[in-house]
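Going down the list, the sequences are from chains A and B.
So that you can map any letter, position 39 of the first sequence is 40 in the working numbering, and since no number is skipped, the others follow by simple counting.
So that you can map any letter, position 50 of the second sequence is 1295 in the working numbering, and since no number is skipped, the others follow by simple counting.
Don't be surprised by glycine CBs; every beta carbon is placed ideally from N, CA and C.
The structure displayed is predicted, hence computed values, not measured ones.
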Amino acid sequence: DAKTTQPPSMDCAEGRAANLPCNHSTISGNEYVYWYRQIHSQGPQYIIHGLKNNETNEMASLIITEDRKSSTLILPHATLRDTAVYYCIVRVVFNDYKLSFGAGTTVTVRA
Amino acid sequence: GAGVSQSPSNKVTEKGKDVELRCDPISGHTALYWYRQSLGQGLEFLIYFQGNSAPDKSGLPSDRFSAERTGGSVSTLTIQRTQQEDSAVYLCASSSWGQTDPRNEQFFGPGTRLTVL
Chain A
2 DAKTTQPPSM DCAEGRAANL PCNHSTISGN EYVYWYRQIH SQGPQYIIHG LKNNETNEMA
62 SLIITEDRKS STLILPHATL RDTAVYYCIV RVVFNDYKLS FGAGTTVTVR A
Chain B
1246 GAGVSQSPSN KVTEKGKDVE LRCDPISGHT ALYWYRQSLG QGLEFLIYFQ GNSAPDKSGL
1306 PSDRFSAERT GGSVSTLTIQ RTQQEDSAVY LCASSSWGQT DPRNEQFFGP GTRLTVL
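Next up, the structure:
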């Protein structure tokens, strides 16, 4: 997604928190931040989304800066199964049904 | 079923042959989407169905590509006279499109890996 920038890769130790950054400095007021991941040989999987408040679900937490120009996805206790490509995108709900991912961040969780 | 299923999981074909890829969406999902993902590339939208109608076919790369959906359920993506550049993973997703659902979350199948020799 050309509206977001992410580091190409990062390593994380198993059991530790993984913090994945995303910059979206041109985000519009009606755009949400979405995170997906894609485990090797599987389809993309929705993780979490948010507008301006921090969000948490059973998979992860999403921290959005007050100016909404960046966000961080937190995997609180990374496991080997969390090794995947993580995609951060911005989209207007209802209208943006065409998902489009860029290169994302390849996260490797090491034992 | 519990999730989106696609078949076949892998398809190897010769250049010039026609192929059909099948998608079974989650039961009750009215919206269905086809995407493709080439090696090292991002996700590319192909077509969107709402019920049996396709209001958005803008992503189909050429007239060799077509798709249909019957009974508001199963969808088939057909590629005629395949070319080597058609080699990719073809992903199908479905969702319960509704204006009261702010997520419009798309659930993806495992994909069909197409290799054109």
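The residues Val1264, Leu1266, Thr1357, Arg1358, Leu1359 and Thr1360, in chain order, have a CB closer than 8 Å to that of Lys1256(B) in the same chain once the five nearest residues on each side in sequence are set aside.
Within the stretch 7-35 of chain A, no residue places its CB atom closer than 7 Å to a CB of chain B.
Leu81(A) carries a helical assignment under DSSP once its states are collapsed to helix, strand and coil. Counting of Cβ neighbours within 10 angstroms places Ile48(A) among the buried residues, the total reaching 16 or more. Look at the stretch 1249-1325 of chain B and you find these whole runs of beta strand (DSSP E), each 3 residues long or longer: 1250-1252, 1255-1258, 1264-1269, 1276-1282, 1288-1295, 1298-1301, 1310-1314 and 1320-1324. For Glu1330(B), the secondary structure class from DSSP, reduced to helix, strand or coil, is helix. Neighbours of Asn1255(B) in chain A, taken as residues whose beta carbon is under 7 Å from its own, are absent, since the nearest beta carbon is some 10 Å off. In this structure, the CA atom of Gln1351(B) is about 5 Å from the CA atom of Ser1340(B). Taking a contact as a CB-CB distance under 8 Å, the pair Leu100(A) and Leu1288(B) counts as one, their CB atoms being some 6 Å apart. Apart from the 5 residues on each side of it in sequence, Thr73(A) sits with its Cβ closer than 6 Å to the Cβ of Asn20, Pro22 and Ile64 in its chain, given in chain order. Note on geometry: alpha-carbon atoms of Asp12(A) and Ala112(A) lie some 11 Å from one another. In summary, Thr1327(B) is buried, with 16 or more beta-carbon neighbours lying within 10 Å of its beta-carbon over all protein chains present.
In chain order, Arg111 place their CB closer than 7 Å to the CB of Ala14(A), counting only its own chain and leaving out the 5 sequence neighbours on each side. Sequence-distant partners of Glu56(A) (beyond 5 residues in either direction) whose C-beta falls short of 6 Å from its own C-beta, in its chain, are Ile49 and Leu63.
Look at the beta carbons and you see the stretch 1305-1314 of chain B not touching the stretch 1246-1254 of chain B: under three pairs across the two are nearer than 8 Å. Here the C-alpha atom of Ala1338(B) lies approximately 32 Å from the C-alpha atom of Gly16(A). Between Val108(A) and Lys4(A), the C-beta spacing is not below 9 Å. Against chain A, the beta carbon of Glu1350(B) has neighbours under 9 Å at Tyr47 and His50, listed in chain order.
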